[in-house]
Amino acid sequence: MKHIIKAPTLLAKRYIYGQKIRKHDQRADAAVDPASCGLTDGFLRLPIDDLLGKGMTRTLIASDLRVTPDVGKKIHISWDIPAFLWTALLGSDRMTDIARAYLGDGARLDDVYVKTVSDGLTSVSEGWHTDQVGYRLKVFMVFDVTGDPAGTLVVPTPRPNLYELNVADEWARIMKRPKKEQRQQEMRVSYKAGDCLIFDTNLLHRGDYSTGAGTRYCIVAEYIDRAKADAIRAATPCGPGQGRTPITIPALDGIDPANHPMIDARLLKKQGDGYLYGYQRQ
Numbered sequence: 007m008k009h010i011i012k013a014p015t016l017l018a019k020r021y022i023y024g025q026k027i028r029k030h031d032q033r034a035d036a037a038v039d040p041a042s043c044g045l046t047d048g049f050l051r052l053p054i055d056d057l058l059g060k061g062m063t064r065t066l067i068a069s070d071l072r073v074t075p076d077v078g079k080k081i082h083i084s085w086d087i088p089a090f091l092w093t094a095l096l097g098s099d100r101m102t103d104i105a106r107a108y109l110g111d112g113a114r115l116d117d118v119y120v121k122t123v124s125d126g127l128t129s130v131s132e133g134w135h136t137d138q139v140g141y142r143l144k145v146f147m148v149f150d151v152t153g154d155p156a157g158t159l160v161v162p163t164p165r166p167n168l169y170e171l172n173v174a175d176e177w178a179r180i181m182k183r184p185k186k187e188q189r190q191q192e193m194r195v196s197y198k199a200g201d202c203l204i205f206d207t208n209l210l211h212r213g214d215y216s217t218g219a220g221t222r223y224c225i226v227a228e229y230i231d232r233a234k235a236d237a238i239r240a241a242t243p244c245g246p247g248q249g250r251t252p253i254t255i256p257a258l259d260g261i262d263p264a265n266h267p268m269i270d271a272r273l274l275k276k277q278g279d280g281y282l283y284g285y286q287r288q
């Protein structure tokens, strides 16, 4: 009942913040060339090893990051990211080039976490949606699978593709009756071990947890323009830790996060040999 009462206020807030999102993204459209990084229609598929270095898939499979979700929960999420993965992400010139080519020079690594899902999960993410933040890159690194795991459905769309609040889709998600019907030009991305999907979360997309029978072991990294994130974070899940709590960057050999172009140094706070990375509580 509470979600029904709050729904009109939530939709109104999304509309208001949508105007800020559009202004930032209009400037980005005038300054970037998405085709130069391979995201002509807002998405790119490639092997994890091409993005993060040869052997990274095997390293991830053998690491403590490969945690199977509890049977009852069907999902495992963690922001406990080890130094070797931070080093690979920040050391990837290709990832830096892609983020800047698509989002502009203000692009930053906004979040990174483990999100492993077993099919049968009940989630509003199964309904068609955008992530309500305009242009933002999400990097799904599926480093291992069992069975035939959930795929991702996207509607490829070239830029400019400015954010629009889809009231019908969002109302359905708020009411916990997400829309799953087939959409024109939808494309299903399936995963095998070592696959990576980079896509703009402003594309219409949804998870598909109902038709498969397996588990996808996944690392998710998110990239966004830092000025836009500052402007909309009060109403959207922007920032490390989904904007709720800073995450830990451990000590890294050969990389200083405070001087890395993909790290927003304003969000760093020294902690031992490493850093906390994220917005302070408001």
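With the working numbering applied, the sequence shown has no gaps in its numbers, which climb one by one up to 288 at the end.
Where is the CB? At the ideal position from N, CA and C, for every residue including glycine.
None of the values given here were measured: they were computed from a predicted structure.
Excluding five sequence positions before and after A107, the CB atoms of its chain that fall closer than 7 Å to its own CB belong to V38, D39, P40, S42 and C43, given in chain order. Residue burial annotation: R222 is buried, with at least 16 other C-beta atoms found within 10 angstroms of its C-beta. With respect to C244, V139 sits close: the two C-beta atoms are nearer than 8 Å. Annotation for M268: no alpha helix (DSSP H) segment contains it, and DSSP assigns it neither H nor E. Cα atoms of D214 and P164: separation of roughly 23 Å, rounded to the nearest angstrom. Following the DSSP letters along the chain, one finds M62 inside the alpha helix (DSSP H) bounded by residues M62 to I67.
In this structure, DSSP gives M181 a state outside helix and strand, which the three-state scheme calls coil.
Non-local C-beta neighbours of M62 in its own chain, meaning closer than 7 Å and more than five positions away in sequence, comprise I54, D55 and A94, ordered along the chain. Comparing alpha carbon positions, the residue from I261, G280 and A235 closest to A113 is A235. With a 10 Å radius around the Cβ and a threshold of 16 neighbouring Cβ atoms, G200 comes out buried. The DSSP assignment places complete beta strand (DSSP E) segments of no fewer than 3 residues inside the segment 120-173 at 143-154 and 157-160, in order along the chain.
Three or more beta-carbon pairs separated by less than 8 Å are not found between the segment 22-38 and the segment 144-153, which leaves the two stretches without contact. In the pairwise beta carbon analysis, the segment 74-89 is classified as touching the segment 111-128: at least three pairs are separated by under 8 Å. Counting only unbroken stretches of 4 or more residues, the alpha helix (DSSP H) elements lying wholly within the segment 66-118 are 89-96 and 99-109, in sequence order.
Around the CB of G278, fewer than 16 other CB atoms lie within 10 Å, so the residue is classed as exposed. R20 and T254 have their C-alpha atoms roughly 30 Å apart.
Counting along the chain, no beta strand (DSSP E) covers L58; the unbroken alpha helix (DSSP H) around it starts and ends at I54 to L58. Shown here, Y215 sits in coil according to DSSP, grouped into three states, outside any helix or strand. Within 10 angstroms of the beta-carbon of P263 lie 16 or more other beta-carbons, which makes it buried. The DSSP assignment places complete alpha helix (DSSP H) segments of no fewer than 4 residues inside the segment 225-258 at 232-238, in order along the chain.
Using a 10 angstroms sphere on the CB of D103, the tally of other CB atoms stays under 16, which defines it as exposed.
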